[in-house]
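Here the structure is laid out as structure tokens; the discussion comes afterwards.
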Amino acid sequence: MRVVIVTGASSGIGRATAARIGRAGTTVVLAARRADELETNAASIRSAGGEALVVPTDVRDPAAITALVAQAREVTGRIDGLVNNAGVGGVASILADDELVAKLIEVNLMAPIRLMRAVVPLMTEQRSGAIVNIGSVAGEIGISGTYSATKFALRGMTDSVRRELIGTGIGVTLIEPGFIATDLTSNRRGLPGPEIVAAAVERALSRPRRRIVVPLKYRPAITLANTLPALTDRIFAGRAASRREVKGRP
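Take any residue in the sequence shown, count from 1 to its spot, add 37: that is its number in the numbering used here.
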């Protein structure tokens, strides 16, 4: 049975992903800080006939990441997939203090790097595996200050790791959601649910691709930003993080 670690599995995209792949027969290792939410989600997976292992984890702690991967391997015997979903949302302009900037970098960039570093040797030994990093459309269009910076960096790291691992049997995919209905976007209405991202993750675990944008409607904006940056500047003028006092939140 395939074994997949999902970080940020207590809510939103992580919870939806864990539920979806768990129902499909994957043994899911649920990781996040909120142990009670993880247990609830694990119980739901088990009631649907799936298997789940709960490992409460603060991805800001390198030792906790090492322990997560070690426990997952010890209990299940293998690791076939990693979904780097844990993240801090919101935006942080150039005026944001170091504490907020450091938190965004630690969770959104350093944690995925450390997790990939922990699982790649195991997957290399198995000659198979799939890594799915959850980026953001904000990693293509710079309008969210340090949040965008972390997602741009994750995009670059994902591309680099994918190329580094060619020939090892390990696939590496970047999924870039636009606005999705999660705890981080509770003040917005009419957004698609996290299930649309979970479906993309499930596909990427089985058939890795370089990059997936969901929903598809965000692709034109990405193309615009990459081909007509001056026009993009004018369109987003006044809406970027640097033009207002902003806050981040977990």
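For each residue, glycine too, the CB sits at the ideal point set by N, CA and C.
### Task
For ASN121, name the three-state secondary structure that DSSP assigns.
strand
*Residues near VAL144 by beta carbon distance below 7 Å, same chain, minus five either side*: VAL96, ARG97, ALA123, GLY124, VAL125
Between which residues of its own chain and GLY51 is the CB-CB distance below 6 Å, once the five residues before and five after are set aside?
VAL43, GLY45, ASN122
Note to self: Quick check: the Cα distance between ARG281 and SER130, rounded to an integer number of angstroms?
What the structure shows: No answer about ARG281 holds up, because its pLDDT of 44 lies below 50 and its placement is not dependable.
Query raised in the report: With distances taken between CB atoms, is the gap from GLY166 to ILE207 smaller than 7 Å?
Result: yes
* Asked: Which of helix, strand or coil does DSSP assign to PRO158?
  -> helix
| query | By how many angstroms is the C-alpha of THR264 removed from the C-alpha of ARG271? | reply | 14 Å
Margin query: For GLY204 and LEU191, what's the separation of their Cα atoms in angstroms?
Written below: 22 Å
- Length of the line joining the Cα atoms of THR6 and VAL128: This structure cannot settle anything about residue 6, because the visible part of the chain is limited to 38 through 287.
**Request:** Check ALA53 in the structure and name its three-state DSSP category.
**Result:** helix
- For VAL112, is the classification buried or exposed, using 16 other Cβ atoms within 10 angstroms of its Cβ as the cut-off for buried? exposed
Taking all protein chains shown into account, do 16 or more other C-beta atoms lie within 10 angstroms of the C-beta of MET160, making it buried, or fewer, making it exposed?
buried
**Study point:** Expected contact under 8 Å - CB spacing of ALA235 and THR54 to nearest Å
**Key:** 4 Å
VAL238 - DSSP class collapsed to helix/strand/coil: helix
**Top-ranked residue by Cα proximity to GLU201, from LEU228, GLY49, VAL157, TYR184** = VAL157
Inset, instruction - Please say whether LEU90 and SER47 have beta carbons closer to each other than 7 Å? - result: no
**Prompt:** From what residue to what residue does the beta strand (DSSP E) around ALA167 run?
**Reply:** 166 to 171
| query | Where does ALA218 sit, in a helix, a strand or coil, going by DSSP? | reply | coil
Which residue's Cα is closest to the Cα of VAL162: ASP117, GLU136, GLY176, GLY179? One detail in the question is off: residue 162 reads as Glu in this sequence, not Val. Considering only alpha carbons, the answer is ASP117.
- Check ARG60 in the structure and name its three-state DSSP category. helix
For this session: Quickly, what does DSSP pair VAL209 with across the bridge? List them, please.
Result: ILE168
Checklist entry - Going by Cα to Cα distance, which pick from ILE82, GLN108, ALA237, ILE171 is closest to ILE150? => result ILE171
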